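*Asks:* First the structure, then my questions, so here it is.
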Amino acid sequence: MKLAVNTEHRIGVVEGDQFYDVTDAVPGAGPAWPPMYMNRLIAEWAELGPKVAAARKAASPVALSSMKLLPPNPCPVHVIAAPANYRKHIGEIGARSVSKGRTAEQQGFFMKSTASLVGAGGAIELPRGSSRRFDHESELAVIIGKRARNVPRAEAMDYVFGYSCLMDITMRIEPGVAEEERVTRKSFETFTPLGPWIVTADEVAEPHALRNQLWVNGVSKQDANTRDMIVNIPTLIELISSVMTLNPGDVIASGTPEGVGPIVPGDSLRIGIESVGEMTLPVVEAAQFSPRRF
Ligand code: MN
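First residue of the sequence shown: 541, per the working numbering; consecutive thereafter.
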């Protein structure tokens, strides 16, 4: 099943290019802040999943093209990310990276702000007037299904609810000039496009055998396969849950392959992950200058 949320905070099951509104089966759904309803739906999926399936049967299709999508979980408790996680990517960004070629196995994970999430219907906004370098990273997002604490890797896949496409947009450091913390550089509003939907884990037979692609202005820039991940999904869950509790609806960005490169306003970024989905977002310059310039 593919679950999406539109800008009216309606929740839909997506089939083909149609959206079947199942909002009435989801407790607490609506525009009230904070929009936590997808966390609850995921947490209570055993009970609510059949109700969603029944609502889908009763719903009439609406064209996806007639609406804009929010992130399929608009307000996860955590957005966690693995550093560079494919063999060929290690080293390609060299001095502009603080990871110095180390993997998640060695350096652990980092956080992105939940405020950086944007859906398939949004745009990537770069800070107005910035001369810094901003890069795209194409990543498989893992959506957590159950509270997870100290979960060994052998059991970790039982804690996965589903998958989504994620772009980890990054402001690079300028060695010796501007070397902000990674959380700062990756947490600008709209720097984590997520979507277009969550596909439930039962529809992805092998998440470690998915083509992961990203195009800039129609030109292929990243084209890898999740089988080349260095630290795989169960090992990431083991690592993260050894430190903190993962909650239902939490998002793990599983790291980028090679081919990372700069983006500028006017670009169009398309991400496609096999068996999950694809989406295209424009890159724009933010409408306003921020009081602190970057
Ligand atoms: Mn990344």
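Ideal Cβ positions, reconstructed from N, Cα and C, are used throughout, including at glycine.
These figures come from a predicted structure and were not determined experimentally.
1) Closest to V554 by C-alpha separation, out of M607, Y577, I777, would be which residue?
2) Is T796 near the ligand MN, judged by its Cβ being under 7 Å from some heavy atom?
3) Mind checking whether the beta-carbon of A764 lies closer than 7 Å to any heavy atom of the ligand MN?
4) Give the straight-line distance between the Cα atoms of W573 and S704, rounded to the nearest whole angstrom.
5) What ranges does the alpha helix (DSSP H) occupy inside the segment 556-643, keeping only unbroken runs of at least 4 residues that lie completely in it?
6) Tell me whether G795 is buried or exposed, calling it buried when 16 or more other Cβ atoms sit within 10 Å of its Cβ.
7) Return helix, strand or coil for R767, following the three-state DSSP convention.
8) Would you say A793 touches the ligand MN, meaning its beta carbon is less than 7 Å from a heavy atom?
9) Which of the three DSSP states is assigned to L750 in this structure?
10) Please report the straight-line C-alpha distance between I713 and S670, rounded to a whole angstrom.
11) For the ligand GDP, is there any heavy atom lying closer than 7 Å to the beta carbon of E645?
12) Does at least one heavy atom of the ligand MN sit under 7 Å from the Cβ of V742?
13) When you measure from the CB of A621 to every non-hydrogen atom of the ligand MN, does any distance come out below 7 Å?
14) So, does the segment 713-731 touch the segment 652-671, judging by three or more C-beta pairs under 8 Å?
15) Measuring CA to CA, which of S678, N613, T643, G648 is closest to T654?
16) Whole angstroms are fine: how far does the CA of R668 sit from the CA of Q828?
17) Apart from the five residues on each side of it in sequence, which residues of its chain come closer than 7 Å, Cβ to Cβ, to M769?
18) Pairing CB atoms from the segment 773-790 with CB atoms from the segment 689-707, are three or more of them under 8 Å?
19) Please classify D675: does DSSP put it in a helix, a strand, or coil?
20) With a threshold of 16 other CB atoms inside 10 Å of the CB of Q753, please say whether the residue is buried or exposed.
21) Buried or exposed for V723, going by 16 or more other Cβ atoms inside 10 Å?
22) Helix, strand or coil for A696, going by three-state DSSP, please let me know.
23) Near T740, which residues of its chain fall below 6 Å by C-beta distance, leaving aside the five closest residues on each side in sequence?
*Replies:* Looking at the coordinates:
1) M607
2) yes
3) no
4) 23 Å
5) 577-583, 585-598
6) buried
7) helix
8) yes
9) coil
10) 13 Å
11) As for the ligand GDP, it is missing from this structure, which binds only the ligand MN.
12) In the sequence as presented, Val is not what sits at residue 742; that position holds Asp. Every heavy atom of the ligand MN is 7 Å or more from the Cβ of D742, so no.
13) yes
14) yes
15) N613
16) 6 Å
17) N625, Y626, H748, S794, G795
18) yes
19) strand
20) buried
21) exposed
22) helix
23) M541, G702
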